[in-house]
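Residue numbers (this note's numbering): 1 to 208.
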């Protein structure tokens with residue numbers, strides 16, 4: 001767990017696939033892991049409905065009166081009563097002055113995350129910096145055309161890409177910085193993050 005600052009934007013890995021991004025707004029992504037007394041959110045992004053991403057109790061801890069929760073459609077019922085903003089893959093949106101895009105997130109050779117589920121990763125643009133949270137995904141063809149500055153990439157395998165596949169993905173779309181995630185909690189270990197760092201040749205890798 002740690003914080004990385006990129007062009008004035010603080011990117012904090014909370015564990016698993018959970019991140020806090022701080023600039024003018026406080027943004028959380030997939031807040032399955034939180035500190036004991038978390039700062040309230042302006043925006044929350046949820047990649048899909050699995051409990052370790054659409055973490056209902058934690059989302060409710062983060063919500064204040066004007067918090068918007070960006071979700072896939074299968075999360076709507078779980079978060080009834082909150083200000084939700086449903087999305088589908090392959091679209092561009094804007095909320096609270098933040099532009100973002102949805103990228104498909106799915107498995108190619110396993111059944112945990114199907115393309116038909118319409119689950120997503122996000123490219124969130126803050127002050128011209130494009131931050132990509134891949135969600136739970138394999139190295140899919142859609143990644144090859146991505147134009148991003150910072151990529152938050154799953155490396156733990158089993159349900160997502162492993163370290164080798166994640167490194168291959170990063171080497172294809174060449175972000176400036178890549179941060180490994182989705183290890184150390186349910187599946188995967190720091191060894192996966194280290195392996196990822198060793199194999200990435202086209203980006204700076206920061207292990208948080």
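The beta carbon of each residue, even a glycine, is placed where N, CA and C say it ideally should be.
Neighbourhood of residue i by C-beta, 8 Å cutoff - its chain only, sequence neighbours within 5 removed
{"i": "residue 89", "result": "102, 103, 104, 105, 118, 119 and 120"}
N-terminal and C-terminal residue of the alpha helix (DSSP H) that residue i is part of
{"i": "residue 189", "result": "Careful: residue 189 lies outside any alpha helix (DSSP H) and carries neither H nor E."}
{"i": "residue 56", "result": "56-62"}
{"i": "residue 170", "result": "163-173"}
6 Å CB neighbourhood of residue i in its chain, flanking five on each side removed
{"i": "residue 11", "result": "4 and 21"}
{"i": "residue 205", "result": "178 and 197"}
{"i": "residue 33", "result": "14, 15, 16 and 18"}
Alpha carbon of residue i to alpha carbon of residue j, nearest angstrom
{"i": "residue 112", "j": "residue 24", "result": "36 Å"}
{"i": "residue 50", "j": "residue 180", "result": "20 Å"}
{"i": "residue 58", "j": "residue 29", "result": "11 Å"}
{"i": "residue 122", "j": "residue 189", "result": "24 Å"}
{"i": "residue 38", "j": "residue 199", "result": "34 Å"}
{"i": "residue 98", "j": "residue 42", "result": "11 Å"}
{"i": "residue 91", "j": "residue 48", "result": "16 Å"}
{"i": "residue 53", "j": "residue 13", "result": "14 Å"}
{"i": "residue 18", "j": "residue 135", "result": "10 Å"}
{"i": "residue 95", "j": "residue 201", "result": "35 Å"}
{"i": "residue 143", "j": "residue 6", "result": "22 Å"}
{"i": "residue 207", "j": "residue 80", "result": "36 Å"}
{"i": "residue 183", "j": "residue 8", "result": "26 Å"}
Segment limits, beta strand (DSSP E) that includes residue i
{"i": "residue 271", "result": "Look at the range of the chain in this structure, 1 to 208, and you will see that residue 271 is not part of it."}
{"i": "residue 2", "result": "2-6"}
{"i": "residue 275", "result": "Because the chain is modelled from 1 through 208, residue 275 falls outside the range shown and cannot be assessed."}
{"i": "residue 13", "result": "9-15"}
{"i": "residue 26", "result": "26-29"}
{"i": "residue 154", "result": "150-154"}
{"i": "residue 44", "result": "43-45"}
Selection from the options that minimises the alpha carbon distance to residue i
{"i": "residue 145", "options": "199, 28 and 173", "result": "173"}
{"i": "residue 55", "options": "78, 193, 137 and 108", "result": "78"}
{"i": "residue 148", "options": "93, 126, 162 and 140", "result": "126"}
{"i": "residue 176", "options": "1, 150 and 140", "result": "150"}
The ligand GDP heavy atom lying under 7 Å from the CB of residue i
{"i": "residue 26", "result": "The model on display carries no ligand, and the ligand GDP is accordingly not part of it."}
Cut-off 7 Å between Cβ atoms - residues of its own chain near residue i, not counting five sequence neighbours on either side
{"i": "residue 84", "result": "69, 71 and 76"}
{"i": "residue 158", "result": "187"}
Taking 8 Å as the cut-off, does the stretch 67-77 touch the stretch 150-163 (at least 3 CB pairs, one atom from each stretch)?
The answer is no - the stretch 67-77 does not touch the stretch 150-163, with fewer than three Cβ pairs under 8 Å.
Say whether the stretch 50-64 touches the stretch 126-133, bearing in mind that this needs 3 or more beta-carbon pairs closer than 8 Å, one atom from each stretch.
The stretch 50-64 vs the stretch 126-133: no contact.
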